[in-house]
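Comments concern the structure below.
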Amino acid sequence: FRSEAQLLPDDEVQTLGQIFSRLNNDYWNTSVDQYSCQTDNGLKIINKLPDPSYSSFSNVTCDCTFNSSTICHITWIELRNLRINAELPIDFADLTYLRTLDLSRNNFQGFIPKQWASLPLVYLSLLGNLITGTIPKEIGNIHTLEVLVFQDNNMEGPIPKELGNLVNLKRIWINGVSFSGKIPEFIGNWTKLERLDMQGTSMEGPIPSTISLLTNLRELRITDLRASNISFPDLRDLNMLTDLVLRNCSIIGHIPQYIGQNLTNIRNLDLSFNRYLTSNSLTGPVSQWLSDTNKKFDISYNNFNGSSQSTNCQANNLKKIASYSSLEDKLIDWCLKKDLPCPKNSSQYELFINCGGSALSFQGMQYEPDTTVMGPSSFYSDEKWACSTTGDFLDNELASYRATSTTGKPDDDIYSTARLAPFSLRYYGRCLLKGSYTVTLHFAEIVLTADRTNNTRGWGKRIFDIYIQGDKVWSDFNIAEEAGGIGKGIEKIFTANVTGSTLEVHLYWSGKGTTFVPRRSVYGPLISAISVTP
């Protein structure tokens, strides 16, 4: 039973009106009055969805239990995927009962208003916007906060020490934001924390010892730290961990035995991306628990020594590409050795690959097909070339590692398909003659969609680095920006020297760009074709 006397106070009605006016959203019905809370489904403020192909949400919810159920207050505002172009309104601070504020996947700009710190927020998400500036230190006064999401924004600066006061935090995401400075010791205050995501920032190591206090952690993701030679953090008491990602953190030394023996709940292990241990500086022999694992692990691109219990490129569930010295035991297969040396006399002098697509003729050259089903921790090779993918797409186990254009490109267009990966995508030209080569990389952004107001800009941002022969030749490469639009092809030309027998093209995602825009798991390196000529 709901009393007809349940009213929304005038000041909250006026505040909503001011917010709606500032946001200037075409999709809203803004006729809110004192009686607008007379529904079990919240205020109806949306007339139509801006884009039916993506999940848009517009919800303002009241709690009408105040003053013997005669007064209502706004406690929940969710405005997601509405492509709102506006400054973040200070006016939210006047909704003094607001507990949830979700403004994810819009085009909000400007700074986070420090006035919001007066709110009793439990959930604050600003994911996937254009917000700049630093985190206001006043946010540390919101002691009720349990979920805090700054992911995929243009913010910068250090994390203020006042955030150490957020002792009720359970989840925090700061992926893809250029926060700087060292990871603060005060994270040890967040003893209720269940998920910590700190991927692709500009932060520095080491990982503080206080992380050992976070015994409620289930998911820990820290990547791409600016550091050198840091020790593996003490995680022995984090027995609830299911997902552990410490990728590209310059961790040296041995993998602790307790990872395999005590942390028995781990399902995703990434000292690269999801059950992956690649691209660190791990040394010594491969631990027995790794060799015996029934999970899919990847320990590629490390510095292991000793004998390999398997001589194949990918035996059982353990991938060890390029993890042994090229001088190791001759019984070890070529692909397990550094630089993937040719096991026979070199004879190749050119290479053409249609990445992710079928064989075709393009500009008078015949391109090899690349249609093998790849996935997390995959390796493929033939007589001429090889391909290695590392990682799985965050929160999307069904994502494909091949892409096909939806813009109507003909099948014989080299830009109609692409190979992609969430973290690391490597192509190897095998058994090439020594000498200088021209390497042409073909790209087209065929996954992201165009912004509705600017076709030269994608709604979402794919950023990755390009390495050739181990040298970084392009930092923060953005296909759509370089090509001048979504779906447009572009080629980048480089020179490379082959002094052994292998040429390596490595595309690497360092956590930058967006990951949840326009939908989850749209990120990582993507390439349409590769040509290598003398």
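Taken in order, the sequence shown gives residues 135 to 668; the numbers are from the numbering used here.
Every residue gets a Cβ at the ideal spot worked out from N, C-alpha and C, and that includes glycine.
For S203, the enclosing alpha helix (DSSP H) stretches over residues F200 to S203. Counting along the chain, A555 sits inside no beta strand (DSSP E), nor does DSSP assign it H or E at all. Collapsing the DSSP output to three states places F496 in a strand. Annotation for A617: the continuous alpha helix (DSSP H) segment containing it runs I613 to A617. Taking the C-beta atoms as reference points, T349 is found no nearer than 8 Å to L330.
Under the three-state reduction of DSSP, W519 is assigned to strand.
The alpha-carbon separation between A361 and L641 amounts to approximately 21 Å. Listed in chain order, the non-local C-beta contacts of Y514 below 7 Å within the same chain comprise T506, M508, A520 and C521, local neighbours out to five positions each way being set aside. If the five residues before and after L380 are omitted, its C-beta is found closer than 7 Å to the C-beta atoms of I356 and L405, all from its own chain and listed in chain order. In the three-state reduction of the DSSP assignment, V379 falls in the strand class, which pools E and B.
Taken through DSSP and simplified to helix, strand or coil, G394 comes out as helix. For S312 and Q168, the gap between their C-alpha atoms comes out near 43 Å. A Cβ-Cβ contact shorter than 8 Å links I321 with P342.
If you look at F154, you'll find it in the alpha helix (DSSP H) that goes D144 to L157.
Under the three-state reduction of DSSP output, L403 falls in the strand class. Assigned with DSSP and collapsed to three states, I273 falls in helix. DSSP, reduced to helix, strand and coil, places C469 within a helical segment of the structure shown. Note on T204: under 16 other CB atoms within 10 angstroms of its CB, so exposed under the neighbour-count rule. The three-state secondary structure of W324, taken from DSSP, is coil. DSSP links Q243 through a beta bridge to E221 and L264.
Of all alpha-carbon atoms in K478, R596, E531 and D605, the one lying nearest the alpha-carbon of A614 is that of R596. Residue pairing by DSSP places K316 opposite E338 in a beta bridge.
Burial check for V573: the Cβ neighbour count within 10 Å reaches 16 or more, so the residue is buried.
Restricting attention to Y657, Y562 and A555, the CA atom closest to the CA of T583 is found in Y657. DSSP places A630 inside the beta strand (DSSP E), whose first and last residues are G623 to V632.
Judged by pairs of C-beta atoms under 8 Å, the segment 602-611 does not touch the segment 563-571, as fewer than three such pairs exist. The alpha-carbon separation between D144 and I224 amounts to approximately 18 Å.
For I487, the enclosing beta strand (DSSP E) covers residues L485 to C489.
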